[in-house]
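A.B. asks: Have a look at this one.
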Amino acid sequence: MKKLCLLGLFVSLASQSVLADNLPAPIENKDAFISNLMKQMTLDEKIGQLRLISIGPEMPREMIRKEIAAGNIGGTFNSITRDENRPMQDAAMRSRLKIPMFFAYDVIHGHRTIFPIPLALASSWDMDAIYHSGRIAAKEAAADSLDITFAPMVDISRDPRWGRTSEGFGEDTYLVSRIAGVMVKAFQGNGANAADSIMASVKHFALYGAVEGGRDYNTVDMSPLKMYQDYLPPYRAAIDAGAGGVMVALNSINGVPATANTWLMNDLLRKEWGFKGLAVSDHGAIFELIKHGVAKDGREAAKLAIKAGIDMSMNDSLYGKELPGLLKAGEIEQSDIDNAVREVLAAKYDMGLFKDPYLRIGKAEDDPADTYAESRMHRSDARDVARRSLVLLENRNQTLPLKKTAKIALVGPLAKAPIDMMGSWAAAGRPAQSVTLFDGMTRALGADSKLIYARGANITGDKKVLDYLNFLNFDAPEVVDDPRPAQVLIDEAVKAAKDADVVVAAVGESRGMSHESSSRTDLNIPASQRELIKALKATGKPLVLVLMNGRPLALLDEKQQADAILETWFSGTEGGNAIADVLFGDYNPSGKLPITFPRSVGQIPTYYNHLSIGRPFTPGKPGNYTSQYFDDTTGPLYPFGYGLSYTEFSLSDMALSSTTLNKTGKLDASVTLENTGKRDGETVVQLYIQDVTGSIIRPVKELKNFRKVMLKAGEKKVIHFTITEDDLKFFNAQLKYAAEPGKFNVQIGLDSQEVKQQSFELL
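Using this note's numbering, the first residue of the sequence shown is number 357, and each one after it goes up by one.
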């Protein structure tokens, strides 16, 4: 009944002002409805729709409700419950035109139930699992009255010094593009207007992952060819999947900030790609045009942004203040404002808010009695997805899986770290509801548990780093040290190790070390923890490292010291249980790296699909006058696509259905995958292609497809990949997307290095 009343309200609103032929604009006709509504709006009301306000000390809730009722705010972010958002929507319904609000939040890898961080999701190479995580996140967020998320984050990241590497899906254009489309469809479900869906706003447009030196917010200087070939496709994939929004990046591109970049926002995004959705600035980005040095003051910054096509100003202080004067002075056109307003209203229409402003807020009597109730979470789903994301890097002498009858020493500063388990951008997740590694192992071992715990070390012994990590945590420090001397902690851990059959050390980064504004010059595990590992190794007991981190780390020493290494990233609410499942063999790990692990920070960048060069280094041959570092082994520590299992897999030689391919034809590449071990298991079969000779230099190989396959022990299966001309296309020097005739190498492997190869010719 309420929805019918609201529908009548807006049909009545639409009929107050008629079109030229005196017919009302029906709500079912989107374009006519919005055009009719805009005719009734004053300039102030239009500009109000362009303001996306952050709830906080600078604008408390009472002031926000007053501004909303006056028609001066279009949306808010950071309010995440029904009882927070209902009064604001009530205020919108008291405004003259009753234009509904939308409510936004950073729902990145879960809302209340926190799934593994995006880099970990990518490690699953499991599109069904990734979709499932996004769908649950959308349902939980929508149930809390949220309408739109600033996700997925699809920035290609090839410099792990960048803290936001954790928030993306890795280094590879193809893999990230696949996931981008999956996440958009997961968030938006059957439509962004569904009560259990939220609108996706892909970010950060564009090239944010290529910031110079891995320093957040920095400049990007990149050739158009590299943009089109490597960095732009994931954004395009998200838009092609139907993303309703785009969040604009904070970086500059070839000297022009994205927020003022007319080529980026108009020529590329809207004209070339045909995007018709909502473009939102990142937090405070319009004001930052002054600091970038392209605007002399706020007035000029607002002008540049609105002219470039920035529809909504996040955390606005300038659109509301400056646009009226700019219009009056003739420095901007009415059409500049109207175009932006139209996109905001269209987004609200697409979210279903004009038909029902309370679509996701619901009735007060239906609000959950306990917003944080366990019944509102999806623990079994989070546990399953987390298990799929774990990557086994080392397993000498079958150290893993552990026997539940063993006496185990669990040490390390991340063994009991509920907040770190969730990772950065943990939305509405609560540390008290996350399962630590200690919790997970204790439950797995049961009543007869022989688990000995010792902290062993603090996250870092560097007070400057500690102060930085805790700087923005006003309520309580996020990283809490054990105040005892470092040697006392190590001695305690060594004693525990000597009393045990095997040692499990939970080491790596705190979540704040892999976050926005958390770039690092050093990819090593912090020194305090390295000293702990060294001491544990000296005990002679089998040593298992459980890594928690949001970026590739330099693990050269740890690779030699540990008997087994399990990369767990930050694995979410159910992380402790998921890790325990793998450690004890209740689940066979199947994750593969979506990003290369360098041997040291000096190797960066070291992504797998680099361009061919004239003097490549050849392993086993002298390095003189080749492209290499003479003081270390050339090549990564762990390559892209790498990951072990508790069973063994083998690939037969590859078979091609033909040695030639015409432009309209298909070619079949096949291998036989066999599980030669004693356990059932999954692995990822990966297809790479190399364009041997092109009009421009081409990469040494590029991922073009993959299959995640489950086999029982001893089972064989023929894996087929279909190759067409589309798989061979690239952007040439004229930015034309086409394939060129010639020789191509096809490679199939279980990672990007160990592959079977055959060749064919495109006619």
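Yeah, the Cβ is synthetic: ideal placement off N, Cα and C, and Gly gets one too.
1. For a test of the three-state rule: what should DSSP assign to Ala661, helix, strand or coil?
2. For Asn378, does the three-state DSSP call read helix, strand or coil?
3. Mind checking which residues open and close the alpha helix (DSSP H) that includes Phe525?
4. Here's the rule I'm using: 16 or more other beta-carbon atoms within 10 Å means buried, otherwise exposed. How should Lys684 be labelled?
5. So which of Val902, Glu414, Tyr487 and Asp596 has the shortest CA-CA distance to Phe471?
6. When the Cα of Asn1088 is compared with those of Ser489, Val697 and Ser1051, which residue comes out closest?
7. Can the beta-carbon of Ser1008 be found less than 9 Å from the beta-carbon of Thr1032?
8. Flag Asn1088 as yes if its beta-carbon sits less than 9 Å from any beta-carbon of chain C, otherwise no.
9. Under a Cβ-count criterion, where at least 16 other Cβ atoms within 10 Å of its own Cβ denotes burial, should Thr309 be classed as buried or exposed?
10. What does the alpha-carbon distance come out to for the pair Leu949 and Ala658?
11. Could you give the distance in angstroms between the alpha-carbon of His966 and the alpha-carbon of Asp1083?
12. So, are the CB atoms of Ser522 and Pro474 less than 9 Å apart?
13. Taking just the CA atoms, how far does Val700 sit from Ile390?
14. Does the stretch 848-864 touch the stretch 893-905, meaning 3 or more C-beta pairs lie closer than 8 Å?
15. In or out: Gln324 buried (at least 16 other Cβ within 10 Å) or exposed?
16. Taking the alpha-carbon of Val938 as reference, which of Thr924, Trp481, Gly928 and Lys772 has the nearest alpha-carbon?
17. Ala447 lies in the alpha helix (DSSP H); which residues open and close that run?
18. Alpha carbon to alpha carbon, what distance is there between Val850 and Arg876?
19. Consult DSSP for Leu1118 and reduce its assignment to one of helix, strand or coil.
20. Assuming contact is defined by CB atoms lying nearer than 9 Å, are Ala856 and Ala918 in contact in what I supplied?
21. Using a 10 Å radius around the Cβ and a threshold of 16 neighbouring Cβ atoms, would you call Thr1131 buried or exposed?
22. Using the Cα positions of Leu879 and Glu644, report the straight-line distance between them to the nearest angstrom.
23. Look at the Cβ atom of Arg886, then the Cβ atom of Leu845, and state whether they are nearer than 9 Å.
24. If you draw a straight line from the alpha carbon of Ala853 to that of Leu901, how long is it in whole angstroms?
25. Buried or exposed for Phe996, please, with buried defined as at least 16 other CB atoms from any protein chain shown within 10 angstroms of its CB.
26. Have a look at Gln1109 and Tyr994 and give me their C-alpha separation to the nearest angstrom.
27. Determine contact between the stretch 614-628 and the stretch 541-559, defined as no fewer than three beta-carbon pairs at a distance below 8 Å.
28. Between Val567, Leu1023, Asp722 and Val747, which has its C-alpha nearest Pro516's C-alpha?
29. Name the DSSP bridge partner or partners of Phe926?
30. Do Leu502 and Arg655 have their CB atoms nearer than 9 Å?
31. For the candidate residues Ala788, Val859, Leu888 and Arg799, whose alpha-carbon lies nearest to that of Gly817?
32. For Ala426, which three-state DSSP category applies?
33. Nearest to Val636 by CA position, among Ala661, Glu418 and Glu628, is which residue?
34. Asn378 to Arg442, Cα distance in whole Å?
35. With distances taken from CA atoms, which of Val697, Tyr714, Ala782 and Ile1075 is nearest Met394?
36. What does DSSP give as the partner residues of Tyr994 in its beta bridges?
C.D. replies: Answer, in terms of the structure:
1. For the purposes of this step, residue 661 is identified with residue 305 of the sequence shown, where counting begins at 1. Helix at Ala661.
2. Taking the first residue of the sequence shown as position 1, residue 378 is located at position 22. For Asn378, the predicted structure reports a pLDDT of 42, less than 50, and the residue's modelled location is therefore unreliable. A value from the coordinates is still provided. Note: Asn378 maps to coil in three-state DSSP.
3. For this step, residue 525 is matched to residue 169 along the sequence shown. No alpha helix (DSSP H) holds Phe525; DSSP gives it neither H nor E.
4. By 1-based counting over the sequence shown, the position of residue 684 is 328. Answer is exposed; the Cβ neighbour count stays below 16.
5. Here the question's residue 471 lines up with position 115 in the sequence shown. Minimum Cα distance to Phe471 is reached at Tyr487.
6. Here the question's residue 1088 lines up with position 732 in the sequence shown. The shortest Cα separation from Asn1088 among Ser489, Val697 and Ser1051 belongs to Ser1051.
7. Taking the sequence shown and counting its residues from 1, the one referred to as residue 1008 is at position 652. Taking the sequence shown and counting its residues from 1, the one referred to as residue 1032 is at position 676. No, the Cβ-Cβ distance between Ser1008 and Thr1032 is not below 9 Å.
8. Checking the listed chains, one finds no chain C in this structure; it contains a single protein chain.
9. With the chain running from 357 to 1119 in the structure shown, residue 309 is simply not present.
10. Taking the sequence shown and counting its residues from 1, the one referred to as residue 949 is at position 593. Taking the sequence shown and counting its residues from 1, the one referred to as residue 658 is at position 302. Near 42 Å, if we compare the C-alpha coordinates of Ala658 and Leu949.
11. Position 610 of the sequence shown, counting from 1, holds the residue named residue 966. Position 727 of the sequence shown, counting from 1, holds the residue named residue 1083. Approximately 18 Å, taken between the alpha carbons.
12. Within the sequence shown, the letter at position 166 stands for residue 522. Within the sequence shown, the letter at position 118 stands for residue 474. Cβ distance < 9 Å, so Ser522 and Pro474 count as in contact.
13. Position 34 of the sequence shown, counted from the start, is the residue given in the question as residue 390. Position 344 of the sequence shown, counted from the start, is the residue given in the question as residue 700. One C-alpha to the other measures close to 10 Å.
14. yes
15. This structure leaves residue 324 out entirely; the chain is present only between 357 and 1119.
16. Translated into the one-based positions of the sequence shown, residue 938 becomes position 582. Nearest C-alpha to Val938: Thr924.
17. On the sequence shown, residue 447 is found 91 positions in, with the first residue counted as 1. Counting along the chain, the alpha helix (DSSP H) containing Ala447 begins and ends at Arg438 to Arg450.
18. Looking up residue 876 in the sequence shown gives position 520. Looking up residue 850 in the sequence shown gives position 494. C-alpha separation (whole angstroms): 30 Å.
19. Locating residue 1118 in the sequence shown gives position 762, counting from the first residue. Residue state, collapsed to three classes: strand.
20. Along the sequence shown, one-based indexing puts residue 856 at 500. Along the sequence shown, one-based indexing puts residue 918 at 562. No; because the gap between Cβ atoms is not below 9 Å, this pair is not in contact.
21. The structure shown does not extend to residue 1131, since the chain spans only 357 to 1119, so no value can be given for it.
22. As a position in the sequence shown, residue 879 is number 523, starting the count at 1. As a position in the sequence shown, residue 644 is number 288, starting the count at 1. Using only the alpha carbons, I get a separation of about 30 Å.
23. Here residue 886 refers to the residue found at position 530 when the sequence shown is read from its first residue. Here residue 845 refers to the residue found at position 489 when the sequence shown is read from its first residue. In this structure, Leu845 does not lie closer than 9 Å to Arg886 by Cβ.
24. In the sequence shown, the residue the question calls residue 853 occupies position 497. In the sequence shown, the residue the question calls residue 901 occupies position 545. Answer to the nearest angstrom: the Cα atoms are 13 Å apart.
25. Within the sequence shown, numbered from 1, the residue matching residue 996 stands at position 640. Classification for Phe996: buried.
26. Working through the sequence shown from its first residue, we reach residue 1109 at position 753. Working through the sequence shown from its first residue, we reach residue 994 at position 638. Distance between the alpha carbons of Gln1109 and Tyr994: 10 Å.
27. no
28. Taking the sequence shown and counting its residues from 1, one reaches residue 516 at position 160. Pro516 has its Cα closest to that of Val567, out of Val567, Leu1023, Asp722 and Val747.
29. Taking the first residue of the sequence shown as 1, we reach residue 926 at position 570. Note: Phe926 sits in no beta bridge, so no partner.
30. In the sequence shown, counting from the first residue as 1, residue 502 sits at position 146. In the sequence shown, counting from the first residue as 1, residue 655 sits at position 299. Contact: no.
31. By one-based count along the sequence shown, residue 817 stands at place 461. Nearest option by C-alpha distance: Leu888.
32. One-based indexing of the sequence shown puts residue 426 at position 70. It is coil, neither helix nor strand.
33. To locate residue 636, count along the sequence shown from 1; it is residue 280. Nearest of Ala661, Glu418 and Glu628 to Val636, Cα basis: Ala661.
34. To locate residue 378, count along the sequence shown from 1; it is residue 22. To locate residue 442, count along the sequence shown from 1; it is residue 86. For Asn378, the predicted model reports a pLDDT of 42, less than 50, meaning its position is unreliable; a value from the coordinates is still stated below. About 35 Å.
35. Indexing the sequence shown from 1 puts residue 394 at position 38. Answer by Cα proximity: Val697.
36. Taking the first residue of the sequence shown as position 1, residue 994 is located at position 638. Paired residue(s): Phe953.
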